[in-house]
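Read the structure below first, then the notes.
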Amino acid sequence: MINLSLEIASLRDELLAAISGVLDGGAFVLGPGVRALEEELAAWLGVRHAIGVASGTDALHLALRAAQIGPGDEVITSAFTFIATAEAIAYTGARPVFADIDSRTFNLDPDAVEAAITDRTRAILPVHLFGLPADMDRIRALAARRGLKVIEDAAQAIGASVEGRKVGSLGDLGCFSFYPTKNLGAAGDGGLVTTDDDALASRVRALREHGHQGGYRHALIGFNSRLDALQAAVLRVKLPHLDAWNTRRRDNAARYGRGLAQSGLTLPVEPPGLRHVFHQYTVRAPDRDRLRAALGAAGVGSNVYYPIGLHQQESMRHLGPPPRLPATEAATAEVLSLPMHPWLTGEEIDRICAVILSSLK
Ligand SMILES: *Cc1c(COP(=O)(O)O)cnc(C)c1O
């Protein structure tokens, strides 16, 4: 599915030098290396503030807290995503409200979001799933009309954009993950919150460090959620390569698209104006489990992201009877993610396509 050793091998000497630099420098948590990464990422993403935190999950949690979302509030999000999206809402005491997806893009359907708004709704939390931006034009217009915050879960989509503007710069707050398998991965956990709002940024900075506001003054109950210098050093080595890596993912996706054009499978789409960064290349197959078995028998990895909608997860039972989400439920039954990473070769993709075509015959 992914091959991290090729990514490490391609930068091994630079990574080792950066890691030794941290060991010799003696600043291990936050410090100048983290600050430098934050500045580089803010410039790269086109935002005023980028704040390093301990994980993508914490990025979502602290962003929601900074937006002062808490008990009694509702936050509308997708059920077709990784569990962390809804967990972060639950951590604040607010209620995750699941709206259905657009079955072509796998992202939130703005009409379903609008229908889910109540007097308690405070924010919309779109997920840019698999690397494709959500329909931010309509979500932002809706949020502006109803006075709601927009918090982007961009964990899978660093470098994706809408009309040239990168995700993470499109809402009030953006949240990224540097989990090792993400398009920009650390050698451990890490995350980032982005915003153009100075007040939100200073709240996130305080929240990641026990509410600290300088001089051992603590105005709010915060957390220990800091990015460490080793992760920042690894990320600074990798960041200059991210554009090229995302382009290789897109080239790989295009090759899959040519190879599978006649397969009858439903292939990923890229609506006009959006740049997809293919964290996953996810197809829909009515007979998904048989296709997955055929790939496995030929030695080809594949995975189901995600087999269960969050509305049907046991950990969300406290929310009461789950809503009916037909597009989400159909997707969980049909999706299959194929191998995707920047080091996948054309020959490998052609072979995967051949296995798929022969299994569908
Ligand atoms: C990975 C991921 C997260 C959580 O990030 P961590 O760094 O693993 O905590 C949140 N949302 C989505 C959509 C993700 O893919």
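In terms of our numbering, the sequence shown opens at residue 216 and continues consecutively. Note that CB positions come from ideal geometry on N, CA and C, so glycine has one too.
Scanning the segment 489-574 from its first residue to its last, the whole beta strand (DSSP E) runs of 3-plus residues come out as 496-499 and 550-553. In this structure, the beta-carbon distance from VAL290 to LEU275 does not fall below 8 Å.
Under the DSSP definition of a beta bridge, VAL408 partners with ILE266 and CYS390.
DSSP, reduced to helix, strand and coil, places THR292 within a strand of the structure shown. One thing to note: HIS494 has its Cβ no nearer than 8 Å to the Cβ of ARG465. According to the DSSP secondary-structure assignment, PHE313 is paired through a beta bridge with THR292. LYS364 counts as buried, since no fewer than 16 other beta carbons sit within 10 angstroms of its beta carbon. In the three-state scheme derived from DSSP, where H, G and I count as helix and E and B as strand, GLU485 is classed as coil. The straight-line gap separating the alpha-carbon atoms of GLY561 and THR462 is approximately 14 Å. When the five nearest sequence neighbours on each side are left out, the beta carbons in the same chain lying within less than 6 Å of the beta carbon of LYS381 are those of LEU260 and GLY261, in order along the chain. Residue side-chain check: ALA301 keeps its Cβ at 7 Å or more from all non-hydrogen atoms of ligand 1. In this model, ALA233 and HIS556 are separated by some 24 Å (Cα to Cα). Per the Cβ contact rule, the segment 241-249 is in contact with the segment 433-443 (3 or more Cβ pairs under 8 Å).
Relative to the non-hydrogen atoms of ligand 1, the Cβ of ASP443 never comes closer than 7 Å to any of them.
Annotation for LEU399 indicates a beta carbon at 7 Å or more from all heavy atoms of ligand 1. For VAL519, the Cβ stays outside the 7 Å cut-off from all heavy atoms of ligand 1. In the structure shown, the three-state DSSP call for LEU226 is coil. Shown here for ALA500: same chain residues with a beta carbon closer than 7 Å to its own, the five before and five after excluded, namely LEU480, LEU506, GLU549 and LEU551 in chain order. Contact between SER376 and VAL342 does not hold, since their C-beta atoms are separated by about 16 Å, which reaches or exceeds 8 Å.
Closest by C-alpha distance to PRO455, out of ALA303, ASN398, ASP326 and GLY406, is ASN398.
Between ILE316 and ASP326, the C-beta spacing is not below 8 Å. For HIS276, the secondary structure class from DSSP, reduced to helix, strand or coil, is helix.
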